[in-house]
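Some notes on the structure that comes next.
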Ligand SMILES: [Zn+2]
């Protein structure tokens, strides 16, 4: 009955065009609280959990793409519904009405706060942690609390951890849990800096509290660190990213395996590295990994590309200072001249407190090499965004405010830059995507009419 109710609600909410898929799972769990535990028992190989502050969705989608390329069947909460209820919905959707379908793998993107509960109900074999950054503090309290929550969740299990070895906030998991850990990270890249300009989380050693020394930063607190007092330093890497190039699309080697991807930005290079590491752990062949990553196209807000007015427009979700910093540095790697659009909302899902825009290093926009031709600020807090941009030191004549998303996006893509970057917080993202898709379709429609007329 729980599966039936869930399936009906899934089809209803689809028909209503809802993006969120928590509700069917919530109702099903009310009817039968043991539903997830039972459906999770249908996974024949392994259950993977992907968690961490940034990069969960992209990393888990990439692993899913690799497993599918290999021909495995899987349960995957690809809609970004990453709480217990959303995961339940994904299992109901994949299951037959009797709950008897079996699958090779489950790949679950999970919000940090729900990791302990999900581990109890699904008994995963591998937990992948991408990184820890400050994200909507008002929702979960301190970052330390989140980290401890996950640590307690994996303690006393047989789980293997796949960890970002460049993040000093993650490296103590092995020490504190005794679990087997696999590490991924980057060796030196041409994008590293010797000084950190950003606000960073992992400034102090997690063991002794001493300030960490860094020989280089990849970005934020991710880099090559050591503690001058105790022996805390980067662990030995099992999966090493080498020769990273972003021109603007990512090329690198993971150990000896050459990888290229249509994604941009250092944080996506980390996502790819995490995905390739996980795939290698389960023994997927190199050519399958290469093909899946090369063919994996960005989704909504994760560097999704559109062609409008014959030029590229890139849609990017930003939700915290680190994410915004990464997006801005991606802009710097791209040498084309740019139109920039920034939609800032302050609905509950965005985080009510928008002060985080002041923590991000927006000043880089004023650098000459950023080649910003215009900035359009939009969304419910467009004025605040415009003030923030103005204080970056950019020529204020380049900044305008259009509170309507559509007007703003039209003004942006009509701008003088060779490429448009469309940045948006969560609750404006899907509207921005709809507007961009429609503009792209209209353009395809127009050009096919022209082609027909020419014919
Ligand atoms: Zn120390």
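In the working numbering, the protein residues as written are 13 to 467. C-beta atoms are modelled at their ideal positions from N, C-alpha and C, and glycine is treated no differently.
Shortest alpha-carbon distance to residue i belongs to which of the options?
{"i": "residue 34", "options": "428, 95 and 256", "result": "95"}
{"i": "residue 193", "options": "183, 202, 319 and 56", "result": "183"}
{"i": "residue 394", "options": "57, 354, 103 and 82", "result": "354"}
{"i": "residue 403", "options": "179, 44, 26 and 378", "result": "378"}
{"i": "residue 326", "options": "332, 343, 334 and 337", "result": "343"}
{"i": "residue 244", "options": "397, 231, 113 and 224", "result": "224"}
{"i": "residue 120", "options": "299, 229 and 73", "result": "73"}
{"i": "residue 392", "options": "385, 439 and 380", "result": "439"}
{"i": "residue 318", "options": "214, 451, 233 and 269", "result": "451"}
{"i": "residue 157", "options": "246, 424, 132 and 128", "result": "128"}
{"i": "residue 115", "options": "88, 93, 200 and 138", "result": "88"}
{"i": "residue 305", "options": "279, 271, 278 and 332", "result": "271"}
{"i": "residue 217", "options": "203, 181 and 230", "result": "181"}
{"i": "residue 260", "options": "314, 347 and 299", "result": "347"}
{"i": "residue 47", "options": "433, 97 and 171", "result": "97"}
{"i": "residue 214", "options": "186, 179 and 201", "result": "179"}
{"i": "residue 428", "options": "388, 416 and 59", "result": "388"}
{"i": "residue 400", "options": "409, 385 and 374", "result": "374"}
{"i": "residue 364", "options": "170, 229 and 332", "result": "332"}
{"i": "residue 258", "options": "227, 248 and 281", "result": "281"}
{"i": "residue 385", "options": "165, 79, 370 and 424", "result": "424"}
Using DSSP with H/G/I as helix, E/B as strand and the rest coil, what is residue i?
{"i": "residue 27", "result": "helix"}
{"i": "residue 333", "result": "helix"}
{"i": "residue 372", "result": "coil"}
{"i": "residue 95", "result": "coil"}
{"i": "residue 122", "result": "coil"}
{"i": "residue 316", "result": "strand"}
{"i": "residue 116", "result": "strand"}
{"i": "residue 152", "result": "Confidence at residue 152 is low in this model, with a pLDDT of 45, below 50, so its placement is unreliable and the value that follows should be read with caution. Here residue 152 sits in helix by DSSP."}
{"i": "residue 421", "result": "helix"}
{"i": "residue 140", "result": "strand"}
{"i": "residue 435", "result": "strand"}
{"i": "residue 251", "result": "strand"}
{"i": "residue 426", "result": "coil"}
{"i": "residue 145", "result": "coil"}
{"i": "residue 348", "result": "coil"}
{"i": "residue 109", "result": "coil"}
Rounding to the nearest angstrom, what Cα-Cα distance links residue i and residue j in this structure?
{"i": "residue 267", "j": "residue 220", "result": "32 Å"}
{"i": "residue 196", "j": "residue 454", "result": "43 Å"}
{"i": "residue 390", "j": "residue 310", "result": "23 Å"}
{"i": "residue 208", "j": "residue 84", "result": "42 Å"}
{"i": "residue 51", "j": "residue 117", "result": "12 Å"}
{"i": "residue 188", "j": "residue 18", "result": "39 Å"}
{"i": "residue 431", "j": "residue 198", "result": "29 Å"}
{"i": "residue 162", "j": "residue 110", "result": "33 Å"}
{"i": "residue 372", "j": "residue 330", "result": "11 Å"}
{"i": "residue 159", "j": "residue 321", "result": "45 Å"}
{"i": "residue 238", "j": "residue 246", "result": "7 Å"}
{"i": "residue 406", "j": "residue 232", "result": "23 Å"}
{"i": "residue 14", "j": "residue 44", "result": "6 Å"}
{"i": "residue 323", "j": "residue 437", "result": "23 Å"}
{"i": "residue 251", "j": "residue 28", "result": "44 Å"}
{"i": "residue 151", "j": "residue 93", "result": "Legend: pLDDT at residue 151 = 48, less than 50; position of this residue unreliable, no value from coordinates given."}
{"i": "residue 8", "j": "residue 396", "result": "The question about residue 8 has no answer here: the residues shown for the chain are numbered 13 through 467."}
{"i": "residue 37", "j": "residue 101", "result": "4 Å"}
{"i": "residue 328", "j": "residue 316", "result": "7 Å"}
{"i": "residue 265", "j": "residue 292", "result": "13 Å"}
{"i": "residue 447", "j": "residue 418", "result": "6 Å"}
{"i": "residue 77", "j": "residue 308", "result": "7 Å"}
{"i": "residue 284", "j": "residue 415", "result": "35 Å"}
{"i": "residue 341", "j": "residue 190", "result": "36 Å"}
{"i": "residue 61", "j": "residue 126", "result": "11 Å"}
{"i": "residue 145", "j": "residue 106", "result": "32 Å"}
{"i": "residue 358", "j": "residue 242", "result": "42 Å"}
{"i": "residue 442", "j": "residue 338", "result": "21 Å"}
{"i": "residue 350", "j": "residue 435", "result": "12 Å"}
{"i": "residue 204", "j": "residue 57", "result": "39 Å"}
Assuming residue i contacts residue j (C-beta within less than 8 Å), just tell me the rounded distance between them.
{"i": "residue 63", "j": "residue 124", "result": "5 Å"}
{"i": "residue 40", "j": "residue 104", "result": "6 Å"}
{"i": "residue 143", "j": "residue 67", "result": "7 Å"}
{"i": "residue 262", "j": "residue 275", "result": "5 Å"}
{"i": "residue 130", "j": "residue 174", "result": "So it is not a contact: roughly 16 Å between Cβ atoms."}
{"i": "residue 421", "j": "residue 444", "result": "7 Å"}
{"i": "residue 140", "j": "residue 290", "result": "6 Å"}
{"i": "residue 138", "j": "residue 172", "result": "5 Å"}
{"i": "residue 352", "j": "residue 433", "result": "5 Å"}
Inset, instruction - Mind listing, in chain order, the continuous alpha helix (DSSP H) runs of no fewer than 4 residues lying wholly within the stretch 156-234? - result: Every unbroken stretch of the alpha helix (DSSP H) spanning 4 or more residues and falling wholly within the stretch 156-234 is given here in chain order: 184-189.
Inset, instruction - Starting from the N-terminal side, write out each stretch of the beta strand (DSSP E) that is 3 residues or longer and does not extend beyond the stretch 253-313. - result: Counting only runs of 3+ residues, the beta strand (DSSP E) found wholly inside the stretch 253-313 occupies 261-266 and 269-276, in chain order.
Inset, instruction - Ignoring anything shorter than 3 residues or poking outside the stretch 36-107, list the beta strand (DSSP E) runs there in chain order. - result: DSSP runs (the beta strand (DSSP E)) wholly in the stretch 36-107: 55-63 and 86-88.
Legend entry - Ordered list of beta strand (DSSP E) runs contained in the stretch 350-413, each at least 3 residues: Listed in chain order, they are 350-355, 384-390 and 411-413.
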